[in-house]
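*Asks:* No gaps in the numbering here: position 9 of the sequence shown is 8 in numbering that gives the first Met the number 0, and each next residue is one more. All C-beta atoms, glycine included, are put in the ideal place defined by N, C-alpha and C. Computed from a predicted structure; not experimentally measured.
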Amino acid sequence: MNLNKKIAIIIVNWNQYELTKACLISLQNCNYKNYKVILVDNASRDNSGPKLKENFPDIIFFQNHQNKGFTGANNRGINYAIDQKYDYVMLLNNDTEVAPGFIDSLLKTFDKDKKIGAVQPLILFWKKKDLVWNYGGKFEKISGRVITLNRGLSKLHIKKSKHTDWISGCCFMVKTEVVKKVG
């Protein structure tokens with residue numbers, strides 16, 4: 000695994016100081032250290048954005064003066080990451096907490112197959128941390144239905160990474176070159 004790969008982790012906050020704080024604390028415990036958090040505050044009215052910047056001075060902080068929604072706020076962080084030549088961009092919801100080895104695991108998945116453009120970790124339920132919330136999904140071609148894989152199963156049933164048709168916006172990492180190519 001290449002430890003020189005720079006990762007931009009983009010987190011959007013909107014009036015959720017405590018949740019975002021817990022997310023940022025969990026990131027501080029990551030084994031992989033070559034990342035930078037880009038926090039985009041989406042016009043919070045509770046002063047949570049500036050308060051987070053004050054308590055986590057190492058983050059890169061952007062203050063939106065109006066709520067740009069999930070896409071608009073993340074795009075602000077993505078554009079910064081592209082301009083600063085990060086190797087990977089990760090979108091991470093502010094109501095998540097991560098395990099120390101999760102970045103290492105995602106990078107190892109990229110290393111296995113150079114054609115992989117994006118990956119997501121195993122995402123567990125918030126209160127029932129032994130149960131799968133999302134492990135990617137499949138599209139049913141005939142019906143057009145979207146199916147979430149393994150929801151509600153014990154995480155012990157998940158043995159290895161696998162191909163999936165779609166990944167969750169809750170947390171995923173994508174090669175910056177892919178973002179530049181597809182927009």
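(1) Name the DSSP beta bridge partners of Ala7, please?
(2) The beta strand (DSSP E) with Asn63 in it runs from where to where?
(3) Which residues does DSSP pair with Thr147 in a beta bridge?
(4) Taking the C-alpha atoms as reference points, what is the distance between Gly100 and Lys4?
(5) Within the continuous alpha helix (DSSP H) that includes Lys67, where are the two ends?
(6) What is the residue span of the beta strand (DSSP E) that Cys170 lies within?
(7) Looking at Asn93: is its Cβ nearer than 7 Å to the Cβ of Cys22?
(8) Taking a contact to mean a Cβ-Cβ separation below 7 Å, would you say Leu90 touches Ile58 in this structure?
(9) Helix, strand or coil: how does DSSP classify Leu152 here?
*Replies:* According to the structure data:
(1) In the sequence shown, the residue the question calls residue 7 occupies position 8. DSSP, once it has assigned bridges, lists Lys35, Val88 as partnering Ala7.
(2) The count along the sequence shown starts at 1 and reaches residue 63 at position 64. Counting along the chain, the beta strand (DSSP E) containing Asn63 begins and ends at 59–63.
(3) Along the sequence shown, one-based indexing puts residue 147 at 148. Per DSSP, Gly136.
(4) Here the question's residue 100 lines up with position 101 in the sequence shown. Here the question's residue 4 lines up with position 5 in the sequence shown. Their backbone Cα atoms lie some 15 Å apart in a straight line.
(5) Along the sequence shown, read from residue 1 onward, the residue named residue 67 stands at position 68. Premise fails: Lys67 is in no alpha helix (DSSP H) and is neither H nor E.
(6) Against the sequence shown, residue 170 aligns to sequence position 171. Element bounds for Cys170: 170–174.
(7) The sequence position of residue 93 within the sequence shown is 94, counting from 1. The sequence position of residue 22 within the sequence shown is 23, counting from 1. Here Asn93 is near Cys22, since their CB atoms are less than 7 Å apart.
(8) If you number the sequence shown from 1, residue 90 lands on position 91. If you number the sequence shown from 1, residue 58 lands on position 59. Not closer than 7 Å, so no.
(9) As a first step, residue 152 must be located in the sequence shown, where it is residue number 153. In this structure, Leu152 counts as coil in the three-state DSSP scheme.
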